[in-house]
Structures are given as structure tokens and as C-alpha cells.
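Everything on this sheet refers to the single structure shown next.
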Amino acid sequence: DTGVSQDPRHKITKRGQNVTFRCDPISEHNRLYWYRQTLGQGPEFLTYFQNEAQLEKSRLLSDRFSAERPKGSFSTLEIQRTEQGDSAMYLCASTLAGGTQYFGPGTRLTVL
Amino acid sequence: AQTVTQSQPEMSVQEAETVTLSCTYDTSESNYYLFWYKQPPSRQMILVIRQEAYKQQNATENRFSVNFQKAAKSFSLKISDSQLGDTAMYFCAFMKHELGVYSGGGADGLTFGKGTHLIIQP
Chain A
1 DTGVSQDPRH KITKRGQNVT FRCDPISEHN RLYWYRQTLG QGPEFLTYFQ NEAQLEKSRL
61 LSDRFSAERP KGSFSTLEIQ RTEQGDSAMY LCASTLAGGT QYFGPGTRLT VL
Chain B
1 AQTVTQSQPE MSVQEAETVT LSCTYDTSES NYYLFWYKQP PSRQMILVIR QEAYKQQNAT
61 ENRFSVNFQK AAKSFSLKIS DSQLGDTAMY FCAFMKHELG VYSGGGADGL TFGKGTHLII
121 QP
């Protein structure tokens, strides 16, 4: 266990529904990342927070995706109007300065 | 943009053998970090080993060591005395080192390779 938790671990939804995932980082970590991992691929960067500020967003993050990190603690990732192509594992990672990121167990999303 | 290439989709070795996983990367950056992460089946990703590009000495962590060739942009992982618990996906990853608000690195996160599925046979 790395100390990073994610909820839920699995989510099955129908196309067009909205879903929200939560990530709780290691408490003293001020940096938080979201990644998406599809089958047979390595994780791909989605977005980055330093404290409560969202400083970077990947081009992978379409308008249907939004992320927040209120008060610089936990973070949420919302996907609106889900599509089958959104089916993936969504990973969260946290870190202090220095580079090593600690990953959560991920939320596996299946869009039917 | 950076790219990371792992050319071995799957490898299988006998327990106690030594195995080397390959990784090459492409970047125009001079200051960066390289990582190997392990993702066991249905379990979370954990760090195996990291290397700062400015360090010439290869990193080692117990049975795990790297061969970092900066000029060749190569970063291979050697696992000695392999164990059944080493069975997992192994990902090579790159991260830029940045200054200012991104101090310590990571404005655009880690760039991963596609991974190598390592199977340790009893």
C-alpha cells in the first residue's frame, strides 16, 4: 500500500451518464496527478495540481472531463456524458518535490 | 515531447535467473529523471528504482539495478535472483526536471512506455 487511496475501485456506467472519482493523496504531498491507462498501454498523463491549483492539462482531457482539488487535499475527476472510449483505468498519484510519484490502486471505469 | 520505448512486450524466465528489461527514450532535455515502476496483477503501481540524469553512477536497490547510458538514451533494468513475486508489468518512465512552481519536476507528469510483462516461472 503506497498510502494513496482511490474510490470507487470499479465503476460500471451506461453511455451518457456522468461519473465522479475521488483520490486521497498522501497527506503531506502537495502535488497530485491524474493518469489514464488503457489495456496494454502505459498510463497517460491527464492533469496536474500543485496544492489547489490545476497547473497543467493534457490534450487528452476533453471538455467532458473536469478535475478539482479543493483546499489542496483530496481531488475529484468528473467525466460528463461518458462514452465507450472513456473505458479505462484512472490512476491518481501524489508527490512532494523530487519526482517520485506514489500511485493509488486506480478506478476501473467500464462504459456500456 | 518525450517518448519512451520498451521493445519487449513479454519476457519469461525461471526463478533465480537474472533478467534484463530494455528501455530507450528520446528527449531534448538535459535534466530529467528516469524510473522503473512495477504493476503486479490487480495491484497498484509501485516504484522499483529511480535515476537522476545528472548522476553518472547507476542506481541500485537490492536485487534491482539499472544500466543508464545517457548518450545512447538507454535505461535498462536488471533483476538478479528473480523471484515469483517479481511477476508483473514493468514500466519505464521519464520525467523532466523543471524549475519554479514545477521545482523538482513533473509539470506534465510521467511519460511511460507500453510496458514489459515479466513472468517468473517456478
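Residue numbers (the working numbering), protein chains in the order written: chain A, 1 to 112; chain B, 1 to 122.
Even glycine gets a Cβ: it sits at the ideal position worked out from N, Cα and C.
Min CB distance residue i to chain A below 9 Å
i, result
"B/G113", "yes"
"B/R50", "yes"
"B/M11", "no"
"B/I119", "no"
"B/V66", "no"
"B/R43", "yes"
"B/D26", "no"
"B/L21", "no"
Cutoff 9 Å: residue i Cβ touching any chain D Cβ
i, result
"B/Y37", "Protein chains A and B are contained in the structure displayed, whereas chain D is not."
Which listed residue (the options) has its alpha carbon closest to that of residue i
i, options, result
"A/R59", "A/N51, A/V111, A/E44", "A/E44"
"A/R15", "A/Q54, A/T82, A/K57, A/A53", "A/T82"
"B/Q8", "B/I49, B/A59, B/S76", "B/S76"
"B/K78", "B/Q14, B/A1, B/T5, B/T18", "B/T18"
"B/M95", "A/Q101, A/Q84, A/L91", "A/Q101"
"A/G106", "A/D86, A/E78, A/C23", "A/C23"
"A/Q80", "A/T2, A/T13, A/C92", "A/T13"
"B/K73", "B/Q121, B/M45, B/N31", "B/N31"
"B/Q39", "A/T95, A/L96, A/L91, A/V111", "A/L91"
"A/S5", "A/V111, A/S75, A/N18", "A/S75"
"A/L77", "A/P8, A/G42, A/E28", "A/P8"
Check whether residue i and residue j have beta carbons under 9 Å apart
i, j, result
"A/M89", "A/L61", "no"
"A/F103", "A/G72", "no"
"B/Q83", "B/E10", "no"
"A/L39", "A/F65", "no"
"B/Y33", "B/M45", "no"
"B/K126", "B/A53", "Since the first residue shown for chain B is 1 and the last is 122, residue 126 of chain B is missing from the structure and cannot be characterised."
"A/P70", "A/E56", "no"
"B/A88", "B/L110", "no"
DSSP beta-bridge partners of residue i
i, result
"A/T107", "A/Y90"
"B/M89", "B/Q39, B/H117"
"A/S5", "A/D24"
"A/E78", "A/T20, A/S66"
"B/K78", "B/T20, B/S65"
"B/H97", "Paired residue(s): none; B/H97 is not in a bridge."
"B/V13", "B/I120"
"A/Q54", "A/F49"
Cutoff 9 Å: residue i Cβ touching any chain B Cβ
i, result
"A/Y33", "yes"
"A/D24", "no"
"A/D7", "no"
"A/T76", "no"
"A/F21", "no"
"A/E44", "yes"
"A/Y102", "yes"
"A/G161", "Since the displayed chain A opens at 1 and closes at 112, residue 161 of chain A lies outside it and no answer follows."
"A/V4", "yes"
"A/S87", "no"
"A/Y113", "Because chain A here runs from 1 to 112, residue 113 of chain A falls outside it and cannot be looked at."
"A/D1", "yes"
"A/S27", "no"
Members of the stretch 80-100 of chain B near chain A, C-beta cut-off 8 Å: So the list reads F91, A93, M95, H97, given in the order they occur along the chain.
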